[in-house]
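As structure tokens, the structure follows; a few thoughts come after it.
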Amino acid sequence: MPSQKWTKSSWRSFRALQQPVWPAGSALEETQKTLSQLPPLVFAGECQTLKAQLADAVEGRAFVLQCGDCAEDFSRCTGPDIRELLKVILQMSVVLAFAGEKRVIKIGRIAGQYAKPRSSDTEMVNGTELPSYRGDMVNSPDANLEARTPDPRRMLEGYYRAAATLNLVRSFTLGGYASLERVQAWHRASLDALPAGQKYEDLVRQIWKTINFMTAIGLDPQHTPQLNQVTLYTSHEALLLDYEEALTRMDSTSGGWYDCSAHMLWIGDRTRQLDGAHVEFLRGVRNPLGMKVGPSYDIDTVKALAQRLNPDNEPGRLTLITRFGADKIDSYLPKLLKEMKQEGFKVVWSCDPMHGNTYQNEYGQKSRKFEDILREIKNFYQIHKAEGTVAGGVHLELTGDHVTECTGGSRQLLDKHLHLNYQTNCDPRLNAEQSVELAFELAEMLHPCK
Ligand code: PEP
Ligand code: CO
């Protein structure tokens, strides 16, 4: 139990749910050894900076935009795919910052979101029962037994792809691509015809006016880092503990342990048992942490978890990501907020409006309705307002591509259209247009006058 000393492998004496059964004789040990000798993907100072920024979101001085794929796909670790995702995140954050007048902390579900919890160990694919797809770092989604057999060497592949992704993210965000002067270039021509496209054009004009004004009074936009560089932090669900342990390193400056696979790690709704291995592992690393909270929560357990994961009640350490669904949030969120506020827990409250709003359509596809996603966020804001707590951010599944996975939005996608470009290996994501549209709705909610 937690009174025992934490080590990066102490989770091994706890029950770990959702772990793959690696075949006997596979390269597990060798892979872990190799991973543990490879360079960290992030460094402790960056995690501390993110934690300090998240502390501002606890107080409502900043807004957290955490978003990206449900499950990253090895085959989409390409320059254009990464650029398109970054572009939509930049567009959304500029909308939130300019129209919503709030500092935006950008965290991608990127560079490591390769392992997925599943409700069942097997699934039926075209009439055959196969081991479930558990994310590219475990097995392949292809429909045959060999592809579905977990292979630990995929963790190494995941590490290299995460490193390559992060490398490009760092050069895009620091090397000029993210410069505010390119705000128009991030815009996609296809958005033009849509209401969100017109609003975006108006916003671009206002930003240009502001930049021109700054230049006119003598500021040099070229040499203003805030206009030319952004930081996109990385995050993923810390599910695959063999991988997370191998990437955990001691920071020589602070003497603390950090899971250097990403800046922020979260615990999923299915693996947040108080006496489980995931909680044991994450309590000992100093990264900022997230924890999903769904309708099955028990209030005393959530309090005990907050205490275990953040014993010093350090603001910015813990983000509670609620995911109840548009129909259920009214019955589940108020009590949670009341009790946590009463006990004085300092957490960032973030809304995941995706995972409680998934349905299966008549064609057998998993989808989500744009209107449900928006309704859950609106309710989230209203409930926070009523409880006197701070709505600190959102957690979204989206992509920079023109996929057709969620219905609704200004293009009014219907279930019957989803086959046109349904790509996801896992949950349905908002496409680029739907994401920018959602950002405008969000900006209205978080504007200080609201
Ligand atoms: C996810 O974020 O992809 C996920 C599986 O969420 P949850 O743990 O909330 O179900
Ligand atoms: Co998902």
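Following our numbering, the numbering of the sequence shown begins with 3 at its first residue and continues without gaps.
Every residue, glycine too, gets a C-beta built ideally from N, C-alpha and C.
In its own chain, which residues sit with a C-beta less than 6 Å from the C-beta of residue i, not counting the 5 before and 5 after it?
i    : result
P143 : Y135, N427
T80  : none
Q425 : V405
A149 : S142
M157 : T33, M139, Y245
G160 : Y116, M139
V392 : G62
I323 : G292, K294, S352, D354, H397
May I have the straight-line CA-CA distance separating residue i from residue j, to the nearest angstrom?
i    : j    : result
H265 : F215 : 36 Å
R207 : A187 : 13 Å
H238 : Y116 : 8 Å
Q200 : S122 : 44 Å
Q6   : E61  : 33 Å
K294 : N312 : 15 Å
A64  : Q93  : 17 Å
A2   : T124 : Given that the chain is displayed from residue 3 to residue 452, the structure contains no residue 2 and the question cannot be resolved.
H280 : V140 : 17 Å
L234 : G110 : 7 Å
A26  : G129 : 28 Å
D222 : Q231 : 14 Å
A113 : G258 : 23 Å
P336 : D403 : 36 Å
Q39  : D253 : 15 Å
P317 : P22  : 34 Å
G137 : L448 : 34 Å
Y202 : S181 : 17 Å
D58  : T360 : 31 Å
S454 : W268 : Residue 454 falls outside the range modelled here, since the chain spans only 3 to 452, and no answer is possible.
Y260 : K104 : 29 Å
I84  : A101 : 25 Å
V66  : L241 : 22 Å
Can you name, in chain order, every residue of its own chain whose Cβ lies under 7 Å from the Cβ of residue i, other than the five neighbours on each side?
i    : result
P42  : L249, R251, C262
E443 : L376
Q436 : F372, C408, G411
Could you name the residues that DSSP lists as bridge partners for residue i?
i    : result
W259 : M252
P133 : T124
C79  : The partner list for C79 (beta bridge, DSSP) is empty, contrary to what the question assumes.
E235 : Residue identity differs from the one stated: residue 235 is Tyr in this sequence, not Glu. Paired residues: I109.
Q68  : I109, H397
Y116 : Note: Y116 sits in no beta bridge, so no partner.
C353 : T324, V396
M266 : S237
T409 : K371
L291 : L267, L320
S431 : The sequence as given places Arg at residue 431; Ser does not occur at that position. BP columns for R431 are empty, so no partner.
T360 : R370
L415 : G410
R17  : G278
Quick one, are the C-beta atoms of residue i and residue j less than 7 Å apart?
i    : j    : result
C408 : F382 : no
V349 : L307 : no
K118 : A73  : yes
L30  : T273 : no
F326 : G292 : no
R163 : F76  : yes
G178 : F16  : no
K89  : E247 : no
L56  : A441 : no
Q367 : L420 : yes
R285 : R310 : yes
A328 : D374 : yes
F283 : L339 : no
S28  : P154 : yes
E399 : M356 : yes
K343 : P297 : no
D429 : N363 : no
Using C-beta distances below 8 Å, list every residue in its chain close to residue i, excluding the 5 sequence neighbours before and after it, in chain order.
i    : result
D332 : N381, I385
T489 : Examination of residue 489 is not possible in this model, given that the chain is present from 3 through 452 alone.
Return yes when at least one heavy atom of the ligand FAD lies under 6 Å from the C-beta of residue i, else no.
i    : result
H357 : With respect to the ligand FAD, the structure shown offers nothing to examine, as its ligands consist of the ligand PEP and the ligand CO.
Residues near the ligand CO, criterion Cβ-heavy atom distance below 5 Å = C72, D429
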